[in-house]
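To start, the structure under review is shown below, and the notes come after it.
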Amino acid sequence: MPILVVLSLAVGNLAIGGPPPATLGDPPKVALGGEVAELRAAIAQEPTTPANARERFRLLWDWLNQLLRRRAPVDEVLPREKAFHLRALIEQGDLKTAAPLVQQALEGLDRIAPAARQLPTGSVKGVVSDERGRPVAGASVEVYGTQLATKSSEAGEFSLEGLPVASPRYIVRARKEGFLEAQQGRVGVREGQATAVNLTLERDVPEKAFRKEKLAVRAGYLLQLAGGAPKLFPPPNAVLDPALYPDKVKPFLEAGRGIDPNHHAVRKVAQEIIAGVPEADRKKQTTVAHAVYKWVVEHIEYDLTRNFPDDVTCGNWQTTFGGWGKSFFDWCYAPAEVIREGRAICIEYERLAAALLRALQIPARPAPLRAHPVTQWWVQLPDGSGYWANMETSVGHSIYRRTGDLYAKFPSVDESAIAFYAPGPDAPIH
1 MPILVVLSLA
11 VGNLAIGGPP
21 PATLGDPPKV
31 ALGGEVAELR
41 AAIAQEPTTP
51 ANARERFRLL
61 WDWLNQLLRR
71 RAPVDEVLPR
81 EKAFHLRALI
91 EQGDLKTAAP
101 LVQQALEGLD
111 RIAPAARQLP
121 TGSVKGVVSD
131 ERGRPVAGAS
141 VEVYGTQLAT
151 KSSEAGEFSL
161 EGLPVASPRY
171 IVRARKEGFL
181 EAQQGRVGVR
191 EGQATAVNLT
201 LERDVPEKAF
211 RKEKLAVRAG
221 YLLQLAGGAP
231 KLFPPPNAVL
241 DPALYPDKVK
251 PFLEAGRGID
261 PNHHAVRKVA
271 QEIIAGVPEA
281 DRKKQTTVAH
291 AVYKWVVEHI
301 EYDLTRNFPD
311 DVTCGNWQTT
321 FGGWGKSFFD
331 WCYAPAEVIR
341 EGRAICIEYE
351 RLAAALLRAL
361 QIPARPAPLR
371 AHPVTQWWVQ
381 LPDGSGYWAN
391 METSVGHSIY
401 RRTGDLYAKF
411 PSVDESAIAF
421 YAPGPDAPIH
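Numbering (our numbering), first residue to last: 1 to 430.
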């Protein structure tokens, strides 16, 4: 899977995108107290200088992320073009030029910060019961990964207040001695509203002892790499004509598990994409496929904890700490959810790209390499022949944020690197 300070133009996109410059290291995980609060005091006492510009830029980057999550108008302070320029200065070591620009951005953030210090919050309320529907008093109820916790009342009721509004991937769990743990995932919170979550605790009896045991299953596959095969570059004369598609690729136009090209949100974006292609080029398959690649890398942010500090709903956190359910399918965003949230992890990127391509009548499928997926799409040639080429929107997004390159991962790898793919419309999870 897979912030230098680059602001997204996507509506509703709350994070700065792209990996940080290598010379800066990882961003600090700070709240608006702590180091950022000290920084706000420091900039009033001492201007940014070449000596402290690099460290202040690092903190500027983190502060911007936090303000974006609070829906602050940060683009008024540091528009994307200016951010690219500032990052380049830091990377090149031109700290003398960068220092006053960092200071200017910090002062601008300080002006907008007071109106955006708190994330909007909601709550989670419900009842803890046993298998017979009887209330369970004194159960510990918490939002997994946070400090937010409470105890159920005599009536089994609980309320968790002040939960930041974020992506709908909170995990609520209940525990009590003598019972097996219960949990519910994919919990969303809306501003000023209470989300209902009812949990059932099962009695911890000998015949259910296996439920408390941990089973680790490790699976793998062998991949023989032929080596030396060139990337398959889709030619400009590829045609978007379903009548020419061979039967073997037609299933990859249909809806499958994890990919729904017919969802209204997906179709809406697909129509926006095709509307942006000159009418004379709308049957040029490579042009349309690249338009999909371009939209995804420009609009969807990488859902990493470093991009969304302390957000336990982000995909990177769910992957690392064991998101709710039995597999990725239980909590991964569907393409329509990626569009709504404006962020994704790698498999979510490629499922979205596949859904958009299918919505535009281009056969497509996610296909894992080793531990990272690409999106294969069928290149249809005018003579009736064709082949699978690929794009990688997840890494393509990161490269775009670093360099502005909108072709870096179009195509991504030679096809011999593909480990496996689903024979039907479903999306494999690597």
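Positions of the beta carbon are idealized from the N, C-alpha and C atoms, including for glycine.
Closest residue to residue i among the options (Cα-Cα distance)
i: Asp405; options: Val297, Ile43, Pro242 and Arg56; result: Val297
i: Gln455; options: Ala275, Thr200 and Ala194; result: No answer is possible for residue 455: the residues shown for the chain start at 1 and end at 430.
i: Leu455; options: Ala265, Leu232, Arg370 and Lys326; result: With the chain covering only 1 through 430, there is no way to say anything about residue 455.
i: Gly396; options: Ile418, Val141, Pro428 and Ala353; result: Ala353
i: Glu301; options: Pro411, Gly156 and Arg402; result: Arg402
i: Lys176; options: Ser152, Ala371, Gln92 and Glu157; result: Ser152
i: Ile274; options: His290, Asp260 and Asn262; result: His290
i: Ala149; options: Glu350, Pro135 and Val124; result: Val124
i: Gly178; options: Arg54, Lys208 and Glu154; result: Lys208
i: Arg134; options: Arg370, Asn198, Arg218 and Val249; result: Asn198
i: Leu360; options: Ala344, Ala417, Trp378 and Leu78; result: Trp378
i: Phe321; options: Asp75, Leu304 and Asp241; result: Leu304
i: Phe233; options: Trp388, Gly424 and Phe57; result: Trp388
i: Ala255; options: Arg365, Phe410 and Arg54; result: Arg365
i: Leu106; options: Gly145, Leu59 and Pro73; result: Leu59
i: Arg132; options: Thr375, Ala280, Pro230 and Arg203; result: Arg203
i: Gly323; options: Arg340, Gly342 and Arg186; result: Arg186
i: Phe210; options: Leu180, Cys314 and Asp75; result: Leu180
i: Phe308; options: Arg54, Ala41, Asp62 and Pro47; result: Asp62
i: Val312; options: Ala44, Gln147 and Lys250; result: Gln147
i: Val413; options: Phe57, Lys248, Gly188 and Gln376; result: Gln376
i: Glu337; options: Pro246, Gly188, Arg282 and Ile399; result: Gly188
i: Ala422; options: Gly220, Gly156, Asp241 and Lys248; result: Lys248
i: Gly145; options: Asp310, Ile399, Pro261 and Tyr400; result: Asp310
i: Glu52; options: Gln92, Leu67, Lys96 and Glu81; result: Going by the sequence as given, residue 52 is Asn instead of Glu. The option with the nearest alpha carbon to Asn52 is Lys96.
i: Phe156; options: Val136, Ala367 and Val217; result: As written in the sequence, residue 156 is Gly, which differs from the Phe given in the question. Here the closest residue by C-alpha is Val136.
i: Pro120; options: His85, Ile171, Pro79 and Leu67; result: Leu67
i: Arg340; options: Glu279, Ser167 and Leu64; result: Ser167
i: Thr319; options: Val217, Trp295 and Ala344; result: Ala344
i: Trp295; options: Gly342, Ala280, Pro242 and Phe158; result: Gly342
i: Glu81; options: Asp94, Pro242 and Tyr400; result: Tyr400
i: Ala196; options: Val205, Ile171 and Gln45; result: Ile171
i: Pro261; options: Arg56, Glu279, Pro425 and Gln92; result: Pro425
i: Ser416; options: Arg54, Asn390 and Pro278; result: Asn390
i: Tyr293; options: Gly220, Phe158, Pro411 and Glu154; result: Pro411
Whole-Å CB distance - residue i paired with residue j, under 8 Å assumed
i: Ile90; j: Ala98; result: 5 Å
i: Val141; j: Leu163; result: Contact doesn't hold; Cβ gap of about 12 Å is too wide.
i: Ala182; j: Arg173; result: 7 Å
i: Phe252; j: Arg87; result: About 38 Å separates the two Cβ atoms, so there is no contact after all.
i: Ile429; j: Phe329; result: 6 Å
i: Cys346; j: Pro363; result: About 21 Å; that fails the 8 Å criterion.
i: Val77; j: Leu109; result: 6 Å
i: Thr393; j: Tyr349; result: 5 Å
i: Ala427; j: Arg351; result: 5 Å
i: Ile112; j: Val74; result: 7 Å
i: Leu369; j: Ala419; result: 6 Å
i: Gly122; j: Glu191; result: 6 Å
i: Gln103; j: Pro50; result: Going by Cβ atoms, the distance from Gln103 to Pro50 rounds to 11 Å, so no, they are not a contact pair.
Residues that DSSP places opposite residue i in a beta bridge
i: Asn390; result: Gln376
i: Pro382; result: Note: Pro382 sits in no beta bridge, so no partner.
i: Gln184; result: Val172
i: Lys151; result: Ser140
i: Thr195; result: Val124
i: Arg203; result: Phe179
i: Glu301; result: Arg343
i: Glu157; result: Val127
i: Leu163; result: Gly122
Residue i Cβ short of 7 Å to the ligand ATP heavy atom set
i: Ile259; result: This structure simply doesn't include the ligand ATP, nor any ligand for that matter.
Cβ of residue i within 8 Å of any chain C Cβ
i: Leu64; result: Judged by its chain identifiers, the structure shown contains no chain C, having just a single protein chain.
Notebook entry, point to check: Where in the segment 116–146 do unbroken runs of the beta strand (DSSP E), each at least 3 residues long, occur, reported from the N-terminal end onward?
Noted result: If we require 3 residues or more, the beta strand (DSSP E) runs fully inside the segment 116–146 come out as 121–130 and 140–143.
Next item on the list: Give a yes or no on contact between the segment 138–157 and the segment 120–129, applying the rule of three or more CB pairs nearer than 8 Å.
Entry: Verdict: yes, contact present.
Next item on the list: Mind the definition here: the segment 263–271 touches the segment 379–388 only if three or more C-beta pairs lie below 8 Å; say whether that holds.
Entry: Counting Cβ pairs under 8 Å, fewer than three are found: no touch.
Check: Between the segment 228–240 and the segment 277–294, are three or more C-beta pairs nearer than 8 Å?
Finding: Contact holds: three or more Cβ-Cβ distances are below 8 Å.
Checklist line | Whole runs of the alpha helix (DSSP H) within the segment 234–284, excluding any shorter than 4 residues | finding: Within the segment 234–284, the complete alpha helix (DSSP H) runs of at least 4 residues fall at 264–275.
Checklist line | Ordered list of alpha helix (DSSP H) runs contained in the segment 304–379, each at least 4 residues | finding: The segment 304–379 contains these whole alpha helix (DSSP H) runs: 315–321, 335–341 and 346–359.
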